[in-house]
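Written out below as structure tokens is the structure these notes cover.
There are 2 protein chains.
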Amino acid sequence: MTCSPAHLAEQIRAKGFRLTPQRMAIFNVLHESGGHLVRTEIYERVQALAPVLTEPTVYRTLDFLVENELVRVTHAGNGRLEYELARHRHHHLHCSACGAELEIAHEQMQKIFAHLELSTGYRLTENHITLMGLCPHCQEIGD
Amino acid sequence: MTCSPAHLAEQIRAKGFRLTPQRMAIFNVLHESGGHLVRTEIYERVQALAPVLTEPTVYRTLDFLVENELVRVTHAGNGRLEYELARHRHHHLHCSACGAELEIAHEQMQKIFAHLELSTGYRLTENHITLMGLCPHCQEIGD
DNA sequence: TTTTTTATTGCAATAAGTTACAATAAGAAA
DNA sequence: TTTCTTATTGTAACTTATTGCAATAAAAAA
Ligand SMILES: [Mn+2]
Ligand SMILES: [Mn+2]
Ligand SMILES: [Zn+2]
Ligand SMILES: [Zn+2]
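This is the structure in structure tokens:
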């Protein structure tokens with residue numbers, strides 16, 4: 017698998033960074049959770065484990081992991097930043113009424129991204145976006 | 017114009033809310049600025065004017081204006097929330113190297129949004145997104 | 001105008017996030 | 001293994017953001 021603790025160690029060392037218990041702990045929390053977590057959740061879960069981490073370390077480590085493309089961050093609704101292991105590229109559709117989440121394959125977005133690159137000259141980087149909407153169920157209730 | 021202080025007053029009263037000096041001040045700051053502002057900027061600018069506002073009021077008022085679709089918020093890079101008056105729908109392309117901003121017409125996104133609505137059954141609401149990338153100039157430097 | 005209602009604001013306490021810098025420890029070198 | 005270098009962490013102070021509740025004032029009613 018391309019998201020194991022072993023992979024983390026390899027990637028970090030390959031770039032000349034140091035493999036610390038703090039980095040491993042945060043990575044493991046994301047690995048075990050599977051899904052998206054906000055920073056406070058990550059801090060709490062990592063606290064539950066042994067060698068206590070401080071907030072600055074959690075925040076800096078998350079930035080570090082994102083920069084090195086081991087973790088991905090998405091802007092969920094209302095300014096929430098959510099983190100998850102960087103596996104396959106995808107995006108999200110979030111129901112603002114009930115909170116349901118639907119994953120969107122990156123291929124579905126790829127076409128519009130390519131079109132934008134052509135028309136603007138920009139080169140798009142790692143975008144992991146969350147679109148807001150109403151799921152079919154909440155649409156019925158709404159009107 | 018659909019974004020004047022008069023329009024604000026009309027919209028707020030029509031929905032049975034109260035037109036307060038605080039709401040007007042915040043609206044005016046956004047109106048005069050024209051572009052995107054983060055919350056601390058809005059707080060500072062509104063402080064420069066007369067009847068001092070508190071932070072909670074600024075934050076609550078921005079939420080209020082967004083809910084009532086008088087103001088729009090976008091997730092700029094790294095968790096920054098930026099606010100602007102709700103005029104025509106559009107999106108942004110942001111150069112992560114030099115900070116350049118390019119506006120994307122909503123029509124360019126409309127097609128993919130419509131396609132997603134069809135394939136998922138979700139109804140997409142007011143999305144105002146910022147995609148990250150490298151502008152043509154920064155691409156040259158980069159490699 | 002004066003009174004009444006209650007949406008909205010300010011206050012005070014708290015939580016979340018950031019920064020600068022000294023202390024620590026991971027990994028390289030001896 | 002021991003020493004050395006410096007990337008990384010913790011500490012402490014600070015800034016930004018959120019929350020509950022009492023005080024205020026906008027707008028309706030009298
Ligand atoms: Mn995701
Ligand atoms: Mn905009
Ligand atoms: Zn729903
Ligand atoms: Zn650029």
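Residue numbers (my numbering), protein chains in the order written: chain A, 17 to 159; chain B, 17 to 159.
By construction, the Cβ of each residue, glycine as well, lies at the ideal position given by its N, Cα and C atoms.
A straight line joining the alpha-carbon of His52/B with that of Ala92/B spans about 10 Å. A direct Cα-Cα distance of roughly 44 Å separates Cys151/B from Ala30/B. If you ignore the 5 residues before and after Arg103/B, its C-beta comes within less than 8 Å of the C-beta of Thr18 and Cys19, all in its own chain and listed in chain order. Here Val87/A really is in contact with Leu46/A; their C-beta atoms are around 6 Å apart, less than 8 Å. Under the DSSP assignment, Arg29/B falls in the alpha helix (DSSP H) whose first and last residues are Pro21 to Ala30. Residue environment analysis places His153/A among the exposed positions, since fewer than 16 neighbouring C-beta atoms fall within 10 angstroms of its C-beta. From the listed residues Ile58/A, Val62/A and Leu101/A, the smallest Cα separation to His23/A is found for Leu101/A. No heavy atom of ligand 2 is found nearer than 8 Å to the CB of Arg139/B.
By DSSP's assignment, Val89/B forms a beta bridge with Tyr99/B.
Every residue whose beta carbon comes nearer than 5 Å to a heavy atom of ligand 3 appears here in chain order: Cys111/A, Ala113/A, Cys114/A, Ala116/A, Cys151/A and Cys154/A. Interface with chain A (9 Å Cβ-Cβ cutoff): Pro152/B is included.
A Cβ-Cβ distance of about 5 Å is found for the pair Gly149/B and Thr141/A, placing them in contact under the 8 Å criterion. Residue-level contact check: Lys127/A touches chain B, since one or more beta carbons of chain B fall below 9 Å from its beta carbon. Taking each of Gln124/A, Ile28/A, Leu147/A and Ile145/A in turn and checking the Cα distance to Glu83/A, the smallest one comes out for Ile28/A. Remark: C-beta atoms of His108/B and Ile120/B approach each other more closely than 9 Å. Thr70/A sits in coil when the DSSP states are folded into three classes, being neither helix nor strand.
The C-alpha of Gln38/B is placed about 26 Å away from the C-alpha of Asn143/B. Counting along the chain, the unbroken alpha helix (DSSP H) around Ala64/A starts and ends at Arg55 to Ala64. Here DSSP, grouped into helix, strand and coil, assigns Ala116/B to coil.
In this structure, Val62/A lies near Ala41/A, with their beta-carbon atoms less than 9 Å apart.
Not one heavy atom of ligand 1 is found less than 8 Å from the C-beta of Arg55/A. Interface annotation, Gly149/B: in contact with chain A, CB-CB separation under 9 Å. At a Cβ-Cβ threshold of 9 Å, Phe43/A and Leu69/A do not count as neighbours.
Not one heavy atom of ligand 2 falls within 8 Å of the beta-carbon of Thr136/A.
Taking each of Tyr59/A, Ala64/A and Leu65/A in turn and checking the Cα distance to Arg76/A, the smallest one comes out for Tyr59/A.
When C-beta distances to chain B are compared with 7 Å, the residues of the segment 86-97 of chain A below that value are His91, Gly95 and Leu97, in chain order. For His108/B, the shortest C-beta to heavy atom distance toward ligand 2 is below 8 Å.
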